[in-house]
Structures are given as structure tokens and as C-alpha cells.
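*Asks:*
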DNA sequence: CGGCATCCATACAATAAAAGCATGGTAATA
DNA sequence: TATTACCATGCTTTTATTGTATGGATGCCG
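Chains as they are written, first to last, in my numbering: chain A, 1 to 297; chain B, 1 to 297.
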């Protein structure tokens, strides 16, 4: 049983005649007659009333005709949609983003650009820290993630650097450090620091600590936080100073000031990460948009 | 492009393996591999991710799989429905009935029996006089009709007698005729008659007049009416007497009495009429029900 | 009234499509 | 390292579909 037979049937109904439909298709009339008979046999009902001046629909044929037309239309739609999904133009894309970056203009611009270029791909953005994103990617719960420090040389995951951020010192507006901006880490000896809790982002935390220790500097931590918004508020409240990726300063509260330090040159790459098997074509499109925007500082 | 390919695809998805699906179908594995490839070509997208331990759906394949399953299910439904329509078990039946008979218990019983036996055939009952029903039948605006005096030896229409009614004299309850019931038409000479307007039901009217004249009786008509309910009310109001099919007395108002006359023996057959081509199978079912109930007096 | 054109149906030959068979490559497993 | 299960490919056989020729029936028009 064949879609072809349905198409033949529609043509015959439209023409009101087997012969004329056969000329239109084109097909030899006996072949068409035969296919109609096969269709009727497979349906188990007479669909066409044969007469001298052509054929007309029976009641059953009329109902079947409506259904056949709908089925063919929907089949074409299904094929078209499958093509669009395979091309990354349609579907759903589950994207992980760290809270920290949801506010960053570059990321917002990227997401907006993607939405505009691929309006039929519905972006499901989830705010997750880096490590959970990696896990979710591996378990096919995310299709792409924006995170720091993806696993190196992973056989499943592939990544692309979206943006290379640098770190800045953040102090409260009225503080002594704001009035006399330091130039080096060494000048921060003895200052109170608000620091990321290690458990939240262990890789970031360890890399930062390591970078500082290489400069012979160990911060005096008076408070720990799990997200940058909270931490910036603590800084604004005068609890101490902190180190932040520069990007995240965009949404910072009023009472804080960022200061670039000469020897704080650690590069913090924000990576777009996805499964190497490229299981979801829309991910490729996201990578394309990211590359075309070239968010590099 | 083939429904068969869709079924193959579903089997493969269900089994998660081309080889296993091939064994299930059953089909040689290379044949299945080839049909899948053809399907993918026709869709224009890769639907299955081939690997060592079987196949899995791509994003496009997953969406297409849902659609394919739906399409196949709906195709089966369409076939099934067509069969049921062809068998008269499903669809719509437009039935004409004269107002006069809508109230008659025999007819009500017939319609109820039909509804019960064929609950999926929706009866669209239209109240029409006999002549308009014949016209509507010819123009395919009705599928069947219940009426008096269908055209004889019609090449389009066929008919079946539902019920042979007889005529009765109807008088008002308190009248002289009610107190001293006449036995023959001759006794009605000089009585005031309420009569059917000829234009409403010319055939019935003419036959009735003709039957009376054969008995040498000509009614003295004081009032004409187009429907029996009105006419019975006029009788009840004492305007005169009338002649009615006995059947229609069921719904008659309180103030009337019917009297059988010995020489008023004209038979009034209520006919079920339909197009001979039996274009609508449900009509055959209606005829069956009518015959099985055998409404004959 | 009788050719003529136009339907749809049938029979049979030609062609195209699908299936089967044999085989190969590859990766996981024991 | 041999085995097994998987999918892919080449070739042959079988099946399905189409085309050609033809027939019967009916309506049209000279």
C-alpha cells in the first residue's frame, strides 16, 4: 500500500475521470485503473462509482478522499520538518549557561542573534554551574553549554572558545582601595577577601588559587559565596574585596568599582561545549553564530 | 515512497537494530538496510544513527518517527472508516419525513430502532411534504424520504411500503356526527368539510377527491389547511369535519373523534423512498430496519 | 441510424522495483 | 585471537508496476 496510490486517487478525483487523470500524471490508463482497484481492495470498500462519463466518489470514497489529502499533506510536512531539524533550523536546543553569564551583554547578544537567525529553534536555557553542565551534556540532558574549563581532550565533548575574559579586582566605592587603586597583587596583602566557595566551582576556584600562589600571594578570605551577584553585594556592603571575571561586572550593583591589576593576567576562557557526535544539528548552528559574532574581547 | 517503508522504519526504531527488525518483519537484513536508505533519501535527512550495537534515532528521526506512527495509525483509521461507511455503519443520512408522520409512533419506533442499531450514522431528519422530498431526493439533497405516492416506475427512485394507512372521518367531540356516527360517505352530504389545500399536497388531494367522486360524493369545503395539526384544531373548534389518515390521529387534540366509514376504503401507503443507485449504503440499512420492524398494520 | 469519440476493463508483454543471497568490514566480547 | 553481532555492498532472482493492444458500452453528431 502506497502513497503513490493515494496520489493517483487524488488525481482521479480531481479530474473526475481515470483516463484524464492518467494523461495528467502521466500514466497509462490501465495502470491507473489497476492501481485504483488495488487501493480499493486494500481499503476494503468501493471508493469510486464508475460510469460512462467518468468516475464519481461514493460516500466512503468521499470521506477517504478527505483523509488521503490530509495524510499526504501531513506526510510532506513531516518530511520537511525532518529536513529542517537535520539542518538545525527547527527543534529544541537545551543550553546550559552559568548564572554568572546570563547577564553578560556578549552572551545576551549571542542568544538574541541565534533566536533571530533560527526562530524555529526553541532555546531552553538552563542556568547551571560548569561542572553540572558537563555532566548534563554527557547524559544527553543538555545539548550545549557555556562554561569555564571544560575537560581537556575529552573523547565525547568538543568545545569552542567564545570569549577570553580577564580577572579584575572589585572593591567597594568608598573604600581606601578605591581611592588609591593598587597595581599589583602584592599590594593586597592583608586585605579582606570575599571568595568563591570551592564546592560550587572547584576548577575555577583551584585555578584562581593556583594563579595567585604562583605570584606568591595568598588572599585572606573572610567570607565565601556561591554566586557572583551575592558576592558583589557583599563587596558593596564593605565586607571586603574580591576577584571577578571582568564580564560579570556589567550587572554589578552601584557601590562597587573594578580595578585592573598588572600582574593579574590569568585568562578565563568562556567555552561553548557540546557533544562531539553533533547529535543535535541546531548545536552546529549555535556554534556558527558564535563564530560569526566573534565575541573575542 | 511507501507506507511499507514507514512500517519498516517503525520496526527498526522499536527493535533498535536493523538486523533484529529484519528478523521480526521478516525480511533479509540488506533489503531493510536499503529501504531505510531509500526512506532517508526521500525524506532528505538522516533519520538513524548507525553504530556497532544497532541504530538510534537522530533528532530528525525522532520527530519523523512520531509523525510516521501517527500517519500510519490515521491511515488505518481512514481505511476502517471508509469500510464502515461503505457498509452503512458510519456517516450521515439525510431523511425526509412529512410533518404529519413525525409524531406517528410507528415512525418514531423505526427511527429509534435505526439509531440504536447504527449509532454512528447521524440521522438528519428534515420535515418536508411529499413532493419536495421527491425533488430533494433527485437533487441528492436527501438520501431517503418517507412520503405518500412516490412517482411510479421511476428510473431513479425506488421505494418500499412502510405502512398502509386508511382514512377516517374526524369530527368534533360534541357534534351531532359524534353522537350519531355515520356509516357511509353518503350520510355526510351537506356537512361542512375542512380540506387539505391542493397546492400543499396535490397528489394526495387529487387521489382523495377522485376516490370520493367515485362514490358519488362531493364534499362541501368551508375551509382549507396546509397541515393536519391546524386542520384538526379547526375540527376541534367546530368549524366542520375532515378526512385524515388514521395514523396521524395519535397526536390529535382533545376535542376530536375519529370515525371509520364502511365505504371509505382508500388505502394510503406510506412509502420509504430512495435513489435506486443506492448511493448511500446507510439507506440500505434503513430499509433493512424498516423491513425487520414490519410496520404493516 | 451508424460511424466516431470517449469512457472503463482486461490480457499479456516489458520494465522497474524490491527482496534474497553471499560477502565484507568493524568493533565489542570472551 | 577467535567469535559474534552489527551494518554495508554487489549481484541475482523474484515480485510489482507499467505499457500496449484490445474489447465492450454509451453518448454525440452528421
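Even glycine gets a Cβ: it sits at the ideal position worked out from N, Cα and C.
Only a predicted model underlies this, so the values are computations on that prediction, with no experimental measurement involved.
Report, in whole angstroms, the separation of the C-beta atoms of residue 43/B and residue 49/B, which I expect to be a contact under 8 Å.
*Replies:* Position 43 of the second chain, counted from the first residue, corresponds to residue 43/B. Position 49 of the second chain, counted from the first residue, corresponds to residue 49/B. That pair is no contact at about 15 Å.
*Asks:* Between the segment 211 to 219 of chain A and the segment 65 to 81 of chain A, do at least 3 Cβ pairs fall closer than 8 Å?
*Replies:* no
*Asks:* Which partner residues does residue 241/B have in the DSSP bridge list?
*Replies:* The residue given as residue 241/B occupies position 241 in the second chain. DSSP output for residue 241/B lists 193/B as bridge partner(s).
*Asks:* At a CB-CB cut-off below 7 Å, which residues of chain A make contact with residue 64/B?
*Replies:* To locate residue 64/B, count along the second chain from 1; it is residue 64. Chain A residues near residue 64/B: 78 and 82.
*Asks:* Taking the alpha carbon of residue 263/A as the reference point, which residue from 101/A, 5/A and 167/A has its own alpha carbon closest?
*Replies:* As a position in the first chain, residue 263/A is number 263, starting the count at 1. Taking only the C-alpha atoms, the option nearest residue 263/A is 167/A.
*Asks:* Do residue 97/A and residue 57/A count as a contact pair if the criterion is CB distance below 9 Å?
*Replies:* Taking the first chain and counting its residues from 1, the one referred to as residue 57/A is at position 57. Taking the first chain and counting its residues from 1, the one referred to as residue 97/A is at position 97. Not a contact, by the Cβ cut-off of 9 Å.
*Asks:* Could you say which of 80/B, 120/B and 104/B lies nearest to residue 89/B if we only look at CA atoms?
*Replies:* To locate residue 89/B, count along the second chain from 1; it is residue 89. The option with the nearest alpha carbon to residue 89/B is 120/B.
*Asks:* Using the rule of at least 16 other Cβ atoms within 10 Å of the residue's Cβ for burial, across every protein chain shown, is residue 170/B buried or exposed?
*Replies:* Taking the second chain and counting its residues from 1, one reaches residue 170/B at position 170. So residue 170/B ends up on the buried side.
*Asks:* Since residue 144/A is in the beta strand (DSSP E), which residue starts that stretch and which ends it?
*Replies:* Translated into the one-based positions of the first chain, residue 144/A becomes position 144. From DSSP, the beta strand (DSSP E) with residue 144/A extends over 144 to 148.
*Asks:* Can you pull out the residues from the segment 32 to 48 of chain B whose beta carbon lies closer than 8 Å to at least one beta carbon of chain A?
*Replies:* 42, 43, 44, 45, 46 and 47
*Asks:* Taking contact to mean at least 3 C-beta pairs separated by less than 8 Å, is the segment 223 to 238 of chain A in contact with the segment 268 to 279 of chain A?
*Replies:* no
*Asks:* Decide if the segment 125 to 143 of chain A is in contact with the segment 201 to 210 of chain A; the criterion is three or more beta carbon pairs, one per stretch, under 8 Å apart.
*Replies:* yes
*Asks:* Scan the segment 128 to 145 of chain B for residues whose Cβ lies nearer than 8 Å to a Cβ of chain A and list them as they occur along the chain.
*Replies:* none
*Asks:* Go ahead and label residue 206/B buried or exposed: buried means 16 or more other beta carbons lie within 10 angstroms of its beta carbon, across all protein chains shown.
*Replies:* Against the second chain, residue 206/B aligns to sequence position 206. Exposed, because fewer than 16 other Cβ atoms sit within 10 Å of the Cβ of residue 206/B.
*Asks:* In this structure, how does DSSP classify residue 74/B when only helix, strand and coil are distinguished?
*Replies:* As a position in the second chain, residue 74/B is number 74, starting the count at 1. If DSSP states are grouped into helix, strand and coil, residue 74/B belongs with the helices.
*Asks:* Of the choices 241/A, 13/A and 25/A, whose alpha-carbon is the least far from that of residue 66/A?
*Replies:* Along the first chain, one-based indexing puts residue 66/A at 66. The residue with the shortest Cα to Cα distance from residue 66/A is 13/A.
*Asks:* Drop a sphere of 10 angstroms on the beta-carbon of residue 297/A, count the other beta-carbons inside from all chains shown, and report buried for 16 or more, exposed for fewer.
*Replies:* Here residue 297/A is taken as the residue at index 297 of the first chain, counted from 1. At residue 297/A, the pLDDT of 43 sits below 50, so the modelled position is not reliable; the number obtained from the coordinates is stated separately. That one is exposed.
*Asks:* Compute the Euclidean distance between the alpha carbons of residue 285/B and residue 107/B, then round it to the nearest angstrom.
*Replies:* Position 285 of the second chain holds residue 285/B. Position 107 of the second chain holds residue 107/B. Answer to the nearest angstrom: the Cα atoms are 15 Å apart.
*Asks:* Rounded to the nearest angstrom, what separates residue 10/A and residue 258/B at their Cα positions?
*Replies:* In the first chain, counting from the first residue as 1, residue 10/A sits at position 10. In the second chain, counting from the first residue as 1, residue 258/B sits at position 258. Looking at the two C-alpha atoms, the distance is approximately 59 Å.
*Asks:* State the start and end residues of the unbroken alpha helix (DSSP H) segment that holds residue 8/A.
*Replies:* Numbered from its first residue, the first chain carries residue 8/A at position 8. Run containing residue 8/A: 3 to 15, per the alpha helix (DSSP H) assignment.
*Asks:* Just verifying my parser: in three-state terms, what is the DSSP assignment at residue 168/A?
*Replies:* Looking up residue 168/A in the first chain gives position 168. DSSP places residue 168/A in strand when its eight states are reduced to three.
*Asks:* Looking at the unbroken alpha helix (DSSP H) that takes in residue 207/B, where does it start and where does it end?
*Replies:* Reading the second chain from its first residue, position 207 is the one you call residue 207/B. From DSSP, the alpha helix (DSSP H) with residue 207/B extends over 202 to 214.
*Asks:* Out of 226/B, 135/B, 256/B and 174/B, state which residue places its alpha-carbon closest to the alpha-carbon of residue 156/B.
*Replies:* Translated into positions along the second chain, residue 156/B becomes position 156. Nearest of 226/B, 135/B, 256/B and 174/B to residue 156/B, Cα basis: 135/B.
*Asks:* Using the Cβ count rule (16 or more neighbours within 10 Å means buried), how would you classify residue 267/A?
*Replies:* Along the first chain, read from residue 1 onward, the residue named residue 267/A stands at position 267. Exposed, because fewer than 16 other Cβ atoms sit within 10 Å of the Cβ of residue 267/A.
*Asks:* On the DSSP letters alone, give me the boundaries of the beta strand (DSSP E) that residue 49/B sits inside.
*Replies:* Reading the second chain from its first residue, position 49 is the one you call residue 49/B. From DSSP, the beta strand (DSSP E) with residue 49/B extends over 48 to 51.
*Asks:* Have a look at residue 265/B and residue 143/B and give me their C-alpha separation to the nearest angstrom.
*Replies:* Mapped onto the second chain, residue 265/B falls at position 265. Mapped onto the second chain, residue 143/B falls at position 143. Using only the alpha carbons, I get a separation of about 32 Å.
*Asks:* Quick check on this structure: which residue in 261/B, 160/B, 248/B and 163/B has the alpha carbon closest to the alpha carbon of residue 182/B?
*Replies:* Position 182 of the second chain, counting from 1, holds the residue named residue 182/B. Selected option, being the one with the closest Cα: 261/B.
*Asks:* Measuring only the C-alpha atoms, how far is residue 17/A from residue 4/A?
*Replies:* If you number the first chain from 1, residue 17/A lands on position 17. If you number the first chain from 1, residue 4/A lands on position 4. Roughly 17 Å between the two C-alpha positions.
*Asks:* For residue 82/A and residue 282/B, which I take to be in contact (beta-carbon distance under 8 Å), what is that distance rounded to the nearest angstrom?
*Replies:* Numbered from its first residue, the first chain carries residue 82/A at position 82. Numbered from its first residue, the second chain carries residue 282/B at position 282. Actually they do not touch by this definition, with Cβ atoms about 40 Å apart.
*Asks:* Would you give the residue range spanned by the beta strand (DSSP E) that residue 269/B belongs to?
*Replies:* By 1-based counting over the second chain, the position of residue 269/B is 269. That run of the beta strand (DSSP E) goes 267 to 275.
*Asks:* Answer with yes or no whether the minimum CB distance from residue 124/A to chain B is below 9 Å.
*Replies:* Here residue 124/A refers to the residue found at position 124 when the first chain is read from its first residue. No - not a single Cβ of chain B is within 9 Å of the one on residue 124/A.
*Asks:* Per DSSP, what kind of secondary structure is residue 18/B in: helix, strand or coil?
*Replies:* Position 18 of the second chain, counting from 1, holds the residue named residue 18/B. The answer is helix: DSSP assigns residue 18/B an H, G or I state.
*Asks:* Short of 7 Å in beta carbon distance, which residues of its chain neighbour residue 15/A, apart from the five on each side in sequence? Order them along the chain.
*Replies:* Reading the first chain from its first residue, position 15 is the one you call residue 15/A. 21 and 24.
*Asks:* Could you name the residues of chain B that residue 299/A contacts, counting a contact when the two beta carbons are closer than 8 Å?
*Replies:* Beyond the ends of chain A as shown, which are 1 and 297, falls residue 299/A; an answer cannot be given.
*Asks:* Whole angstroms are fine: how far does the CA of residue 33/B sit from the CA of residue 27/B?
*Replies:* Within the second chain, residue 27/B is the residue found at index 27, counting from 1. Within the second chain, residue 33/B is the residue found at index 33, counting from 1. If I take the Cα positions, the gap works out to 10 Å.
*Asks:* With distance defined between alpha-carbon atoms, name the residue in 84/B, 79/B and 68/B nearest to residue 79/A.
*Replies:* Against the first chain, residue 79/A aligns to sequence position 79. Closest by C-alpha distance to residue 79/A, out of 84/B, 79/B and 68/B, is 68/B.
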